[in-house]
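Numbering-wise (our numbering), the sequence shown opens with residue 473 and increments by one.
Note that the Cβ used here is the ideal one computed from N, Cα and C, for glycine as well.
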Amino acid sequence: ADIGLAGLHRFLAEIDSLAGADVVVVVAGMEGALATAVGGVTAAPVVAVPTSTGYGAALDGVTALLAMLASCAAGVTVVGIDNGFGAAMAALRVLDLADRGLAAG
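(1) Looking only at its own chain, which residues have a Cβ that is under 6 angstroms from the Cβ of ILE475, when we skip the five neighbours before and after it?
(2) Could you check whether PRO517 and ALA536 sit closer than 8 angstroms to each other, using their CB atoms as the reference points?
(3) Touch check for the stretch 522 to 533 and the stretch 565 to 574: three-plus C-beta pairs under 8 angstroms?
(4) For VAL550, write down the residues that DSSP places opposite it in a beta bridge.
(5) I need the straight-line Cα distance from VAL548 to ASP571, nearest angstrom please.
(6) Between which two residues does the beta strand (DSSP E) containing VAL499 stretch?
(7) Compare the beta carbon distance of MET502 and GLY526 with 8 angstroms and say whether it is the shorter of the two.
(8) So, helix, strand or coil for ILE487, using DSSP?
(9) Report yes if the C-beta distance between GLY504 and ALA539 is below 8 angstroms; otherwise report no.
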């Protein structure tokens, strides 16, 4: 879902959709705090991807990267700027481990 914290009502409307997730990938430019917010409302691991595009002082993704790295929410992992592939691979490994756990149990 396309949500952000600037439109808090959109974020709040999507919280229930996070409940069944095994892993969540958050991609954000100037909404670097979005990863922390998502990490605070879900027990699933969160993979945060800062992007090099954004409004204001995005600084080619450094602003979002620093916001994500400063997250105080447990379970938030941050990959490099624009590294959607790395985020997808991290999420895939989480899902693979979850599947192995289900198969063994």
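This is what the structure holds:
(1) Contacts found: ARG482, PHE483, GLU486.
(2) For ALA536 and PRO517, no; Cβs fall outside 8 angstroms.
(3) With contact defined as three or more Cβ pairs closer than 8 angstroms, the stretch 522 to 533 and the stretch 565 to 574 are not in contact.
(4) Beta-bridge analysis with DSSP links VAL550 to ALA520.
(5) Distance between the alpha carbons of VAL548 and ASP571: 20 angstroms.
(6) Here the beta strand (DSSP E) through VAL499 covers 496 to 500.
(7) MET502 is a Cβ neighbour of GLY526, given a cutoff of 8 angstroms.
(8) In the three-state scheme derived from DSSP, where H, G and I count as helix and E and B as strand, ILE487 is classed as helix.
(9) Result yes, Cβ atoms of GLY504 and ALA539 sit closer than 8 angstroms.
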